[in-house]
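What follows is a single structure, written as structure tokens, with notes after it.
Number of protein chains: 2
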Amino acid sequence: MRLVIIGTGNIGRAAVEAAKKASDIELVGVYHHNDDLSEVDADVALLCLPTREIPTFAQKMLKMGISTVDSFDIHGQIYDLREDLMWIAKQHKAVSILSAGWDPGSDSMVRALFSALVPNGDTYTNFGPGRSMGHTVAAKAIPGVKDALSMTLPAGKGKHDRHVYIELEDGYTFQEVKAAILRDDYFAHDKTEIEQVESVAAINTTAHGVHIERNGLSGVTPNQQLDFTMRIDNPALTAQFMVCCARAAYRMMGREQYGAFTTIELAPIDLLEGNDEELIRAFI
Amino acid sequence: MRLVIIGTGNIGRAAVEAAKKASDIELVGVYHHNDDLSEVDADVALLCLPTREIPTFAQKMLKMGISTVDSFDIHGQIYDLREDLMWIAKQHKAVSILSAGWDPGSDSMVRALFSALVPNGDTYTNFGPGRSMGHTVAAKAIPGVKDALSMTLPAGKGKHDRHVYIELEDGYTFQEVKAAILRDDYFAHDKTEIEQVESVAAINTTAHGVHIERNGLSGVTPNQQLDFTMRIDNPALTAQFMVCCARAAYRMMGREQYGAFTTIELAPIDLLEGNDEELIRAFI
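Read top to bottom, the protein sequences are chains L and Z.
Heads up: the first sequence runs through residues 0 to 283, numbered per numbering that gives the first Met the number 0.
Heads up: the second sequence runs through residues 0 to 283, numbered per numbering that gives the first Met the number 0.
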């Protein structure tokens with residue numbers, strides 16, 4: 000499988016490492032975000048780009064007959080994006096795998112499996128402790144914030160607290176900036192602590208985690224308890240899973256299963272290096 | 000989907016309950032193990048039968064054009080059984096889903112997903128505490144054992160201890176029966192405690208559990224930690240997952256994906272009640 004990686008941020012760089020470790024993948028190109036992509040020649044392109052740019056880049060690649068994998072992460076818009084990309088992928092005999100990070104992504108597969116095992120029950124997805132991309136960006140946009148880090152802290156049962164570290168710009172007081180952050184819609188609904196620090200860079204982290212718990216009934220039998228916990232380096236995990244999904248896209252192309260798919264539509268075997276017999280003997 | 004259940008033991012009875020709770024499944028028949036099955040008319044048959052009888056019953060149903068789901072649990076023979084059933088299923092336009100319990104079964108999907116997220120690492124599957132079917136049967140076969148219960152106790156890192164409760168038959172001493180159990184190949188390799196009880200029935204349990212842990216590298220980044228824990232009623236969980244796999248078999252028939260498949264070859268979405276849009280919006 001001939002792979003290109005588009006994007007050279009945290010995830011793009013980690014994807015280069017993950018692709019190099021896979022003996023069934025040939026990394027044939029790494030492109031910056033603004034490069035001319037009209038000459039790209041590959042089976043699959045990993046789109047390691049900001050979420051809002053994914054639809055445009057995915058369409059462009061699919062129209063060139065190149066399958067795509069992205070980690071588009073706006074949960075409420077994923078189904079519509081899948082619909083948009085579906086016919087383009089089919090028309091150009093390609094496969095697009097959407098939202099292939101960890102949440103949405105691998106966590107989605109866990110939640111679907113949990114609901115199959117325990118159809119009647121409650122699932123709680125608890126994130127962190129770890130850095131929230133969205134909240135960090137929101138905090139940085141507040142006037143007077145020179146740099147920020149917003150940590151997501153699990154508060155139980157799918158609820159989260161926020162701990163925001165900020166560096167102040169000259170001419171602002173901590174109290175006025177703190178009040179502005181707490182008024183922001185990103186922070187207004189959760190318990191939020193704000194702390195001033197000398198250097199955000201010095202405490203920044205790519206560690207993250209999630210705890211998914213489900214309790215309910217299998218058939219008529221209650222108290223079936225399922226629990227998934229992950230403690231990870233975030234870009235490394237995201238990039239690794241995207242590379243595995245590139246493998247799945249390539250296999251689906253080989254079976255002429257063209258179209259756009261989310262991770263819960265993938266068979267786990269397609270994510271893994273090896274042939275059917277080796278994988279079934281190893282994992283079943 | 001028109002479902003029949005073959006077998007009326009713990010799992011067959013729990014499967015009846017699980018099937019009744021699914022609004023997309025019509026339970027059209029429940030058969031005892033020795034019934035005449037030549038008139039069975041259904042889309043899918045759940046084979047809730049002893050493992051060694053699965054190959055014969057699966058072939059019989061598939062040749063009638065009825066898809067099958069089983070929980071065949073001899074790990075080392077699953078790939079060969081899949082090969083045997085593959086062409087029969089294809090020839091008769093049916094789907095056979097093998098080894099659809101929890102281990103092999105749903106645990107296999109978890110292990111495959113864990114290896115995709117962390118390709119270079121170690122997975123440990125720790126069972127219990129819970130009743131081991133195989134070890135219980137082995138203990139019951141020892142002369143002088145009137146009834147037995149062999150509990151599997153996790154000893155860490157995929158190793159297990161055994162705690163065997165026995166009722167003695169008249170004319171045998173505890174010491175001689177204990178020695179015979181400890182010589183048996185099922186028990187000779189694990190740390191095993193034997194305890195005499197008045198009544199095995201009084202302490203018997205269907206509770207079980209598993210803890211799957213993996214630690215390793217995503218790309219070149221170490222210390223990626225994944226952890227799955229399940230505490231369940233065993234027959235209820237097994238039966239529920241088999242019913243979900245019957246749904247997957249039916250959907251695959253609809254897409255003309257005929258053949259024999261293990262659980263790591265299934266997409267999680269096919270296990271769940273609902274249409275693509277509902278399920279993607281709910282789980283992604």
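For each residue, glycine too, the CB sits at the ideal point set by N, CA and C.
6 Å CB neighbourhood of residue i in its chain, flanking five on each side removed
i	result
Z:Leu238	Going by the sequence as given, residue 238 of chain Z is Ala instead of Leu. Hits under 6 Å: Ile10, Ala13, Ala14, Ala17.
L:Tyr274	Before going on, a small fix: residue 274 of chain L reads as Asn here, not Tyr. Cβ within range, chain order: n/a, list empty.
Z:Leu271	Leu278
Z:Arg213	Phe113, Val117, Gly120, Thr122, Leu225
L:Thr228	His210
Which of helix, strand or coil DSSP assigns to residue i
i	result
L:Met241	helix
Z:His74	helix
Z:Arg280	helix
L:Asn119	strand
L:Arg250	helix
L:Leu152	strand
L:Gln256	coil
L:Lys20	helix
L:Lys92	coil
Z:Val43	strand
L:Pro267	helix
L:Glu272	coil
Z:Thr261	coil
Z:Pro221	strand
Z:Gly11	helix
L:Asn33	coil
L:Asp146	strand
L:Asp102	coil
Classification of residue i by the beta-carbon crowding that lies within 10 angstroms, buried from 16 upward
i	result
Z:Val68	buried
Z:Glu192	exposed
Z:Gln223	buried
Z:Ser107	buried
L:Phe282	buried
Z:Thr135	buried
L:His207	buried
L:Asp102	buried
L:Ile202	exposed
L:Gly75	exposed
L:His31	exposed
L:Asn233	buried
Z:Glu38	exposed
L:Gly6	buried
L:Ala57	buried
L:Gly155	exposed
Z:Ala197	Note on residue identity: the sequence assigns Glu, not Ala, to residue 197 of chain Z. Exposed: under 16 other Cβ atoms inside 10 Å.
Z:Asp34	exposed
Same chain, Cβ closer than 8 Å to residue i, five either side skipped, listed in chain order
i	result
Z:Glu25	Met0, Arg1, Leu2
Z:Pro221	Gly215
L:Val27	Arg1, Leu2, Val3, Asp40, Ala41
L:Lys19	Leu26
L:Ile231	Trp101, Ala206, His207, Gly208
Residue range of the alpha helix (DSSP H) that includes residue i
i	result
L:Met108	105 to 116
Z:Ala206	No alpha helix (DSSP H) holds Z:Ala206; the beta strand (DSSP E) holding it covers 206 to 217.
8 Å contact criterion, which residue i and residue j should meet: CB distance rounded
i	j	result
L:Leu116	Z:Ser105	6 Å
Z:Arg161	Z:Phe126	In fact, because the Cβ distance is near 11 Å, the residues do not count as touching under 8 Å.
L:Thr204	L:Ala99	L:Thr204 to L:Ala99, Cβ: 23 Å. No contact.
Z:Ala88	Z:Leu61	5 Å
Z:Val43	Z:Tyr249	6 Å
Z:Arg81	Z:Ala259	5 Å
L:Ala93	L:Met252	7 Å
Any non-hydrogen atom of the ligand SAM within 8 Å of residue i CB
i	result
Z:Ala147	This structure does not include the ligand SAM; it has no bound ligands of any sort.
Residue range of the beta strand (DSSP E) that includes residue i
i	result
Z:Gln195	191 to 195
L:Arg348	The question about residue 348 of chain L has no answer, for chain L in this structure spans 0 to 283.
Z:Pro54	That residue, Z:Pro54, is in no beta strand (DSSP E); its alpha helix (DSSP H) goes 53 to 62.
L:Ala178	Not the beta strand (DSSP E): L:Ala178 falls in the alpha helix (DSSP H), residues 173 to 182.
Z:Val136	Run containing Z:Val136: none in the beta strand (DSSP E); it sits in the alpha helix (DSSP H), 132 to 139.
L:Ile165	158 to 167
Z:Asn203	From DSSP, Z:Asn203 is part of no beta strand (DSSP E); its letter is neither H nor E.
L:Asp69	66 to 69
Z:Leu26	25 to 30
Nonlocal neighbours in the same chain, by C-beta distance under 7 Å from residue i, ignoring five residues either side
i	result
Z:Leu167	Gly143, Lys145, Phe173, Val176, Gln195
Z:Asp72	Thr50, Ser98, Gly100, Pro103
L:Pro267	none
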